[in-house]
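Novice: In the numbering used here, the protein residues as written are 6 to 145. By construction, the Cβ of each residue, glycine as well, lies at the ideal position given by its N, Cα and C atoms.
1) Distance, Cα to Cα, residue 59 vs residue 33?
2) Looking only at its chain, what residues have a beta carbon closer than 7 Å to the beta carbon of residue 131, apart from the 5 residues adjacent to it on each side?
3) So, for residue 91: in the same chain, excluding its five sequence neighbours on each side, which residues have a beta-carbon less than 7 Å away from its beta-carbon?
4) Are the CB atoms of residue 22 and residue 12 nearer to each other than 8 Å?
5) How long is the line joining the alpha carbons of residue 45 and residue 137, rounded to whole angstroms?
6) Measure the beta-carbon distance from residue 109 to residue 69 and round it to whole angstroms, keeping in mind my assumption that it falls under 8 Å.
7) On the DSSP letters alone, give me the boundaries of the alpha helix (DSSP H) that residue 43 sits inside.
8) In whole angstroms, what is the alpha-carbon distance linking residue 7 and residue 49?
9) Tell me whether residue 130 sits in a helix, a strand or coil according to DSSP, three-state version.
10) Quick one: is residue 20 buried, meaning 16 or more other Cβ sit within 10 Å of its Cβ, or exposed?
Here you go:
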């Protein structure tokens, strides 16, 4: 199966260089889940070796929703977590990586503390800062 071979190739490269991403796109019933189940069952991948994000029509107004949900899960952020607690959790990770963009950290903390599915409008420079700190926070 060429799709399975492609996933195996990406996985081998990811292990060598320290990460990679794959985007599977297809309609309902096209075999995306089946392909992934086959891939995971045929390889030596452990549960902590990957993360899976799912985009859904319910969150179409917030394209970052799946990524923010992943970060919330990783840092155990819930409705009761204050923005100060979120900033502290992120600051610890940023300190470990040597990054120190306090503005981007505050922006990410603000997004993580928001309830609901919508995101504020951000300028291009704000998005660039935000994406950089998201990548760092996921490496933690």
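Specialist: Taking the geometry as given:
1) In the chain shown, counting from the first residue as 1, residue 59 sits at position 54. In the chain shown, counting from the first residue as 1, residue 33 sits at position 28. Their backbone Cα atoms lie some 13 Å apart in a straight line.
2) In the chain shown, the residue the question calls residue 131 occupies position 126. Cβ neighbours of residue 131 beyond the five flanking positions: 112.
3) Here residue 91 refers to the residue found at position 86 when the chain shown is read from its first residue. Beyond the five residues adjoining it in sequence on each side, residue 91 comes within less than 7 Å, by CB distance, of 82, 114, 117 and 118 in the same chain, given in chain order.
4) Locating residue 22 in the chain shown gives position 17, where the first residue counts as 1. Locating residue 12 in the chain shown gives position 7, where the first residue counts as 1. No; because the gap between Cβ atoms is not below 8 Å, this pair is not in contact.
5) For the purposes of this step, residue 45 is taken as residue 40 along the chain shown, with counting starting at 1. For the purposes of this step, residue 137 is taken as residue 132 along the chain shown, with counting starting at 1. Rounded to whole angstroms, residue 45 to residue 137 spans 29 Å at the Cα level.
6) If you number the chain shown from 1, residue 109 lands on position 104. If you number the chain shown from 1, residue 69 lands on position 64. Incorrect: roughly 14 Å between the Cβ atoms, too far for contact.
7) Position 38 of the chain shown, counted from the start, is the residue given in the question as residue 43. Per DSSP, residue 43 belongs to the alpha helix (DSSP H) from 37-46.
8) Residue 7 sits at position 2 when you count from the first residue of the chain shown. Residue 49 sits at position 44 when you count from the first residue of the chain shown. If you take the alpha carbons of residue 7 and residue 49, they lie about 19 Å apart.
9) The residue labelled residue 130 in the question sits at position 125 within the chain shown. Of the three classes helix, strand and coil, the one that applies to residue 130 here is helix, per DSSP.
10) By 1-based counting over the chain shown, the position of residue 20 is 15. The residue in question, residue 20, is exposed, as its Cβ has fewer than 16 Cβ neighbours within 10 Å.
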